[in-house]
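Structure record follows, encoded as structure tokens.
Protein chains: 2
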Amino acid sequence: MAPTTTPRLYTFAAGDAGPWHITGVRTVIGEGLATAPRLDIVAGVGDAAGVWALRGIASNERYVTRPEKQQLLALQPPLARAEARSAILIPIRKSAAWWALTQDERRDILEEQSHHVALGMRALPAVARKLHHCRDLSETEPFDFLTWFEFAPHDGAVFDELSAALRASPEWAYVEREVEVRLAFDPR
Amino acid sequence: MAPTTTPRLYTFAAGDAGPWHITGVRTVIGEGLATAPRLDIVAGVGDAAGVWALRGIASNERYVTRPEKQQLLALQPPLARAEARSAILIPIRKSAAWWALTQDERRDILEEQSHHVALGMRALPAVARKLHHCRDLSETEPFDFLTWFEFAPHDGAVFDELSAALRASPEWAYVEREVEVRLAFDPR
């Protein structure tokens with residue numbers, strides 16, 4: 001068995017435990033998710049005993065070009081900054097039509113038409129972001145992606161502007177399920 | 001839980017069972033694999049009781065453009081043709097350097113420099129091919145990809161020419177483990 005590089009699988013578990021207080025669960029498109037008092041983020045396949053548990057893998061990047069990657073690396077803040085006490089988890093599922101597109105067609109919609117990377121760049125360095133892929137994990141994952149955003153409470157408007165712009169973009173015509181889970185850091 | 005589309009996870013299990021007789025296991029690069037009498041291909045997570053079991057997901061395509069996809073769809077034969085009694089399973093792992101590249105850099109090496117898609121096209125319609133991704137399945141998979149090739153015994157030279165051309169290409173500088181498992185259909 002080959003040695004692994006870094007652990008890349010994470011479970012977002014809603015229930016009674018975890019340092020994040022769930023302040024709201026909003027259904028954006030399609031089926032919703034139940035609410036719960038707390039959210040925990042655990043490395044690996046977490047305990048499914050809570051209200052819900054979503055799993056995803058921080059995989060290799062699939063769309064950015066080298067200049068975009070360099071710019072992202074220069075601007076993006078790390079996770080777990082002391083001031084980043086607000087977070088949002090956005091699970092998304094895209095349609096069969098999206099997955100039937102070729103790589104160049106997906107990139108064209110994502111960036112040339114929807115400016116996904118450029119919009120995300122505008123929210124830097126305020127909003128830290130980490131993308132997790134679910135689709136290849138198993139055949140029964142309810143979402144394709146889990147994106148985790150972290151920011152200082154006074155930067156909430158930067159996140160809201162980013163998510164509004166993305167939801168108005170051509171890429172979002174391919175989103176068939178989206179939920180927004182709002183959180184506050186409160187380790188008790 | 002969302003309904004699943006089609007089952008996409010397969011396990012290639014080497015042991016005493018299965019309709020494929022293993023005629024040879026050749027280490028091409030890096031660590032090898034043990035040999036066994038037979039190979040079975042099962043949907044889902046197979047039994048790990050045999051000699052080895054490799055799992056992969058037939059995921060969405062990540063490199064081809066629309067014109068390439070149309071050409072592939074027009075030319076590629078289905079699996080399980082009556083005459084396709086020869087098969088080859090090629091598990092491959094690529095290096096950390098490959099995975100640190102951006103999508104456009106990987107596409108450039110794969111196609112513009114190495115002509116991976118075009119070379120595969122030249123082996124059509126003789127050689128049927130199915131790619132399975134392992135990398136996102138878990139953190140402990142020994143390979144990144146499992147490619148399954150099927151052809152009539154008299155087309156063996158077409159496959160050999162394809163694999164020789166790919167192994168001589170710039171893309172293969174990023175391959176750090178490769179094994180070639182040769183098989184003959186023999187359901188007994």
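Protein chains in written order, with the numbering used here: chain A, 1 to 188; chain B, 1 to 188. The beta-carbon is built from N, C-alpha and C at its ideal position, and this holds for glycine as well.
- The DSSP-derived three-state label of B:A14 is strand.
- For A:Y63, the neighbours in chain B by C-beta distance under 8 Å run, in chain order, Q103.
- Pairing B:S59 with B:H115 gives a Cβ-Cβ distance that is not under 8 Å.
- Considering only B:V127, B:P187 and B:L110, the residue with the shortest C-alpha distance to B:L166 is B:L110.
- Within the same chain, P77, L79 and E150 come within 6 Å of A:A128 by CB-CB distance, once the 5 residues on both sides are set aside.
- Taking A:P125 as the centre and dropping the five residues before and after it, the same chain places the C-beta of L75 and P77 closer than 6 Å to its C-beta, in chain order.
- Within the segment 138-175 of chain B, the runs of beta strand (DSSP E) that reach at least 3 residues and sit entirely inside it are, in chain order, 145-151.
- Taking a Cβ-Cβ threshold of 8 Å, none of the residues of chain A is close to B:L124; the smallest such distance is about 18 Å.
- For B:D108, the three-state secondary structure derived from DSSP is helix.
- The beta carbons of B:F145 and B:I92 sit closer together than 8 Å.
- Among the residues of chain A, none has a CB under 8 Å from the CB of B:R129; the nearest is roughly 17 Å distant.
- At the C-beta level, B:T147 and B:I57 stay beyond 8 Å of one another.
- Cβ proximity to chain A below 7 Å picks out nothing from the segment 33-45 of chain B.
- By the Cβ-count criterion, A:Q70 is exposed, with fewer than 16 other Cβ atoms from all chains shown falling within 10 Å of its own Cβ.
- Taken through DSSP and simplified to helix, strand or coil, B:H115 comes out as coil.
- Chain-ordered, the chain A residues with CB closer than 7 Å to the CB of B:W99 read N60.
- Interface flag for B:D47 against chain A is unset, since no Cβ pair is found closer than 8 Å.
- Neighbours of B:I57 across chain A, judged by C-beta separation under 7 Å: D136.
- Residues of chain A whose Cβ lies closer than 7 Å to the Cβ of B:H133 are, in chain order, D136.
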